[in-house]
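J.:
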Amino acid sequence: MSTLTPDSTQPLIFELGQEGRANRYVETGKPLDAFLPSSLLRSELPLPDNSELDVVRHFTKLSQRTFGIDLGFYPLGSCTMKYNPRVNDAMASLPQFRDLHPYAPDDMAQGALQVMYELERNLASLFGMAAFSLNPSAGAHAELAALLIAKKYYKERGEIRRDKVIVPDTAHGTNPASAAMCGFKVISLPSDERGRVSVEEIKKVLGPDTAVCMMTNPNTLGLFEDHIHEITAAVHAAGGLMYYDGANANAIMGNVRPGDMGFDLMHLNLHKTFTIPHGGGGAGHGPIGVAAHLVDYLPTPLVVATPKSNGDAMGSPSDRLTFALDFDRPKSIGPMRSFWSNFAHAVRALAYIYSNGAEGLAKVSQLAVLNANYVRVKVAEFLEAPYPEICRHEFVVSAQTLKKATGVRALDIAKALLDHGMMAPTVYFPLLVPECLMIEPTETESKETLDRFVEVLRGIVQTAQSDPQQLFDAPVTTVVGRVDETRAARQPNLRWEAQRG
Ligand SMILES: *Cc1c(COP(=O)(O)O)cnc(C)c1O
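This is the structure:
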């Protein structure tokens, strides 16, 4: 058996390889130093010895062992698993973007900088912020950036006593985690009986030690915080900053703006709202936006534009501008990562914005809300609705009563859905709803798909009443069946094993 450790006496062949089998299709007959100086060549390079066909089969099989939006319905609440238009990829793959070196000087990268500039300007106007930095790579990364900004802002104002971050109990787990990572003390705020932040409750915890209040609106129950103006006013009166977790922007795009709600800082998950493939820990893009008083603190670089001296008066406004990366920002918290974030994602997001236009984006959110309410009303016929009112892009139901009657839990329902070629909703989140299923259908699904989902779910609830064991055994059609979740966490076996044939 071969090992994964390079061993200079043995070619590394992994389980599927055979010595001497590699390179069959790329044989040139010439030694490598005919192409590269021998000083750059390694004498030992243990690589797996596989034929091209075996490698293609291996990766194609792996791709078929997973589930994605391109295979079926994916109502994973809070994750906005919508269709990713292929035109985005076509744009991101244009050689002028794809092959550009990150160190290319600004004058050779004007088109790429223009993409970043126009994306930034569009996001600022869509969400009512003074400026965005495209630097952070994900939502959580941008949350951390925002809290670093708050920290620096208070330090410069001599307000170092502000060390508390208020986080509602419906918040995504990354909010308290980011606050704690940044050295803040987290105050968890219980939701009221309407599933929202109560103005009275928040006033009780506000004070001279308040740094930031992090909110998601609509929150993760899919409910719009209808007292948001009173909440932002109270936090501002206490001298605190309001942070908007914009991962749920698919509910509001083009309809309401966090800036108008009174938020000082926000992030967007371009990989959720703006149609970029995500899941499985893939590359994301999480721009951070701020109101005017915090622009100087944004992570570098920002893309700036100056009028061209010989600009074409007939062209589009951008044709009259010269673009540059601006690093000379003395108050900035500095870059959050290397280079210019996941640039191909900036191209995808801008392609999505331009292919929809302002009205189209507003309609996207309206349809996402309509689809969620359509499914919500139907699912309430057979599963408990703890907050039975009009939702935004997502809603929650509970399997608590079903569990008491049949022993079937939210987890069993989730696993059973997989056998019908549908991804499970988010389960057991938010934490305040027992046996919670959080469903986000998104705007890109047809009525037929939504109807089928409702009927499959209804059938699963009926099976729970007649034959619960069938659900405890699910899933039975997936590559991996029911896993022992405790053992998977405590004794993970992460070793890859070859599948022949
Ligand atoms: C997804 C999500 C995040 C975190 O975003 P990442 O890009 O995964 O780091 C934060 N808040 C909410 C509400 C989310 O849904």
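Per this note's numbering, residue 684 is the first one in the sequence shown, and the count goes up by one each step.
Glycine included, each C-beta is placed from N, C-alpha and C at the ideal position.
All figures in this text were calculated on a predicted structure; none of them were measured in a lab.
#1: Can you tell me whether Ser761 sits near ligand 1, meaning its C-beta is under 7 Å from at least one heavy atom of the ligand?
#2: Quick check on Ala1007: does DSSP put it in helix, strand or coil?
#3: Ligand 1 and Lys955: does any heavy atom of the ligand fall closer than 7 Å to the residue's C-beta?
#4: Report the three-state DSSP secondary structure of Ile849 (helix, strand or coil).
#5: Per DSSP, which residues does Phe815 bridge with? Please list them.
#6: Taking DSSP as the reference, what is the three-state secondary structure of His950?
#7: Out of Asp772, Trp1023 and Tyr800, which has the shortest C-alpha to C-alpha gap to Pro960?
#8: Taking all protein chains shown into account, do 16 or more other C-beta atoms lie within 10 angstroms of the C-beta of Gly1164, making it buried, or fewer, making it exposed?
#9: So, helix, strand or coil for Leu783, using DSSP?
#10: Return the Cβ separation of Met1105 and Gly755 in integer angstroms, given the expectation that the two are a contact with Cβ distance under 8 Å.
#11: Just to confirm my understanding: we take Glu1067, look at its own chain, exclude 5 residues before and 5 after, and list those with CB closer than 7 Å. What are they?
#12: Is the beta carbon of Asp852 within less than 7 Å of some heavy atom of ligand 1?
#13: Quickly, what does DSSP pair Asp928 with across the bridge? List them, please.
#14: Given a cut-off of 8 Å on the beta-carbon distance, is the pair Tyr1070 and Leu904 in contact?
#15: Using a Cβ-Cβ cut-off of 6 Å (strictly less than) and excluding sequence neighbours within five positions of Thr1005, which residues of its own chain qualify?
#16: Quick check: the Cα distance between Arg1020 and Glu826, rounded to an integer number of angstroms?
#17: Does the beta-carbon of Tyr766 have 16 or more other beta-carbons within 10 angstroms, so that it is buried, or is it exposed?
#18: Starting from Leu1120, trace the beta strand (DSSP E) both ways and give me its first and last residue.
#19: Cβ of Asn931 versus every heavy atom of ligand 1: is any distance shorter than 7 Å?
#20: Could you say if the segment 1050-1063 and the segment 867-886 meet the contact criterion of at least three C-beta pairs nearer than 8 Å?
T.: To lay it out plainly:
#1: For ligand 1, at least one heavy atom lies less than 7 Å from the Cβ of Ser761.
#2: The three-state reading of DSSP puts Ala1007 in strand, counting E and B together.
#3: Because some heavy atom of ligand 1 lies under 7 Å away, the Cβ of Lys955 counts as near it: yes.
#4: strand
#5: Gly972
#6: His950 falls in the strand class under three-state DSSP.
#7: Asp772
#8: exposed
#9: coil
#10: About 5 Å; that satisfies the 8 Å criterion.
#11: Val1080, Ser1081, Gln1083 and Thr1084
#12: In this structure, the C-beta of Asp852 stays at least 7 Å away from each heavy atom of ligand 1.
#13: His950
#14: yes
#15: Once the five neighbours on either side are set aside, the close Cβ partners of Thr1005 are Thr989 and Lys991.
#16: 14 Å
#17: exposed
#18: Leu1120 -> beta strand (DSSP E) spans Cys1119 to Ile1122.
#19: True, at least one ligand heavy atom lies under 7 Å from that Cβ.
#20: Result no; under three Cβ-Cβ pairs closer than 8 Å.
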